[in-house]
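In full-length UniProt numbering, the protein residues as written are 1 to 263. Using N, Cα and C, we set each Cβ at its ideal position, and we do this for glycine too. Remember, it's a predicted structure, so these values are computed and weren't measured experimentally. Down below is the structure, laid out as structure tokens.
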DNA sequence: ATGGTCGGCACCCGA
């Protein structure tokens, strides 16, 4: 079985690229982030004609996630237990908890995750990000004993090797000790980075300043497997060609898809 | 310290 994750930066804008990706790599299960589409806006025809089902949640802003599967899509769950929302102010209710969707596909429990960006280390969104990480870790303890995988845009560079130049991130999120600790806490619970042994390369390049052409990227998209799922991994790769502005039609997403094979 | 480029219920704001 072949699973993949991709921060697509608008599913409607890039539906042709999604379909081409599924075809090109014969992907069985694809997790998407930043779909920027409500359920009533999903482009379904080309997916259904290829034999895929889709489950999605979110708004048309940044927090949309989805799972596309041709090996079954069961027990769909929007949001994980205890997932915090973000309240813009005391009077407003927390925003909809739509940055995580889970499903069982081909016997594997998969979560498509978009970890909150955090904006700036002194921003309330940064505190929210750390709370979100802690709540996810707690919820994930219930899944680590089964064949499970946590995939998506984690919005963190775990080590300095995962940033093209860490000195440019002095007052930025993604590299702070607290974010890195929040990410590495998953390893303490048994979660395994399934991609790094096969491809430790960047997965994101900013649209500005020809960052892709100069290979000045970040590694922030991960597939963390439970021990029993990690034992099945036979290979993995980052599809850099999908990020190449010189290939394909129209602007690419700023993230590359990440693919993992299970034996 | 800026600015550069994307996307969307858009002419700004968040990534």
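- CA-CA distance, residue 145 to residue 262, rounds to 17 Å.
- Annotated three-state conformation of residue 167 is helix, per DSSP.
- C-alpha of residue 224 to C-alpha of residue 60: approximately 27 Å in a straight line.
- Secondary structure remark: continuous alpha helix (DSSP H) runs of at least 4 residues inside the stretch 27–73, in chain order: 45–49.
- If you draw a straight line from the Cα of residue 205 to the Cα of residue 219, it is about 9 Å long.
- Leaving aside the five residues that flank residue 114 on each side, the residues in its chain whose CB is nearer than 7 Å to its CB run, in chain order, 33, 34, 63, 65, 99, 152, 153.
- For residue 108 and residue 258, the gap between their C-alpha atoms comes out near 17 Å.
- Put simply, the backbone Cα of residue 143 is about 19 Å away from that of residue 260.
- Residue 44 and residue 252 have their C-alpha atoms some 20 Å from each other.
- In this structure, the alpha-carbon of residue 38 lies about 8 Å from that of residue 56.
- For residue 237, same chain residues with a beta-carbon under 7 Å away, outside a window of 5 residues either side, are 198, 199, 259 in chain order.
- Residues of the same chain with a CB within less than 7 Å of the CB of residue 78, apart from the 5 flanking positions on each side, are 57, 98, 101 in chain order.
- In the structure shown, the three-state DSSP call for residue 228 is helix.
- Of the candidates 234, 244, 235, the residue whose Cα lies closest to the Cα of residue 214 is 244.
- The beta carbon of residue 248 sits closer than 8 Å to the beta carbons of 17, 20, 242 from its chain, once the five residues preceding and following it are set aside; these are given in chain order.
- A straight line joining the alpha-carbon of residue 15 with that of residue 189 spans about 36 Å.
- Around the CB of residue 75, fewer than 16 other CB atoms lie within 10 Å, so the residue is classed as exposed.
- It is roughly 27 Å from the alpha-carbon of residue 222 to the alpha-carbon of residue 48.
- Judged by beta-carbon spacing, residue 31 lies beyond the 8 Å limit of residue 148, meaning their Cβ atoms are not closer than that value.
- Beyond the five residues adjoining it in sequence on each side, residue 104 comes within less than 6 Å, by CB distance, of 74, 75 in the same chain, given in chain order.
- Under the DSSP assignment, residue 236 falls outside any alpha helix (DSSP H), being part of the beta strand (DSSP E) whose first and last residues are 233–238.
- Within the same chain, 163, 174, 175, 218, 219, 220 come within 7 Å of residue 157 by CB-CB distance, once the 5 residues on both sides are set aside.
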